[in-house]
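Peer 1:
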Amino acid sequence: MKILSLLVSNKVSVNDDTKNITIEGVFDSIGAFTFPAKHKELTVSLITQGIAGKHYFKISIMKGNKELAAVDKEALTGISHRFIANFYDVVFPEPGTYTIKAIADKEKLTTDINLNLLKQTSKL
37 MKILSLLVSN KVSVNDDTKN ITIEGVFDSI GAFTFPAKHK ELTVSLITQG
87 IAGKHYFKIS IMKGNKELAA VDKEALTGIS HRFIANFYDV VFPEPGTYTI
137 KAIADKEKLT TDINLNLLKQ TSKL
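Each residue of the sequence shown is one higher than the one before, starting from 37 at the first, in our numbering.
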């Protein structure tokens, strides 16, 4: 199996008829005036390709070695699979770089992307 895509966004919709996905508001940074900062909602989309069958997927939001939030599941898939993880009310304790970690098949395949939490000083 290989990871084709890993994105952080505001929202992901899946069309029930076509199974097409619409990803709205892709981002790699969040601004906050105070910390700890609570982010109401974010979605992480993982797209993989590989052998059909039962697979394990996990998406974690990490600060260093500490896991702040995670969504995981096992799923029967075809050769491609879309794992969409919704996170609600995630608390980011301080400004800095956080990691979105994707695991497919229990650590056999991993990838990370950075999510930056920025201290805002004024409203735009």
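Don't be surprised by glycine CBs; every beta carbon is placed ideally from N, CA and C.
Only a predicted model underlies this, so the values are computations on that prediction, with no experimental measurement involved.
Let me know the secondary structure DSSP gives M98 once reduced to three states.
Peer 2: Numbered from its first residue, the sequence shown carries residue 98 at position 62. Reduced to three states, the DSSP call for M98 is strand.
Peer 1: Can you look up F69 in the DSSP assignment and give me helix, strand or coil?
Peer 2: Along the sequence shown, one-based indexing puts residue 69 at 33. F69: coil per DSSP, three-state reduction.
Peer 1: For T157, which of I136, S49, F71 has the nearest alpha-carbon?
Peer 2: Taking the sequence shown and counting its residues from 1, the one referred to as residue 157 is at position 121. Nearest option by C-alpha distance: F71.
Peer 1: Measure from the alpha carbon of A121 to the alpha carbon of each residue in S96, D141, N101, E103, then state which is nearest.
Peer 2: In the sequence shown, the residue the question calls residue 121 occupies position 85. Of the candidates S96, D141, N101, E103, the one whose C-alpha sits nearest the C-alpha of A121 is S96.
Peer 1: What does DSSP give as the partner residues of F63 in its beta bridges?
Peer 2: On the sequence shown, residue 63 is found 27 positions in, with the first residue counted as 1. The partner list for F63 (beta bridge, DSSP) is empty, contrary to what the question assumes.
Peer 1: Could you please give the first and the last residue of the uninterrupted beta strand (DSSP E) stretch that includes N46?
Peer 2: Within the sequence shown, the letter at position 10 stands for residue 46. Residues 38–50.
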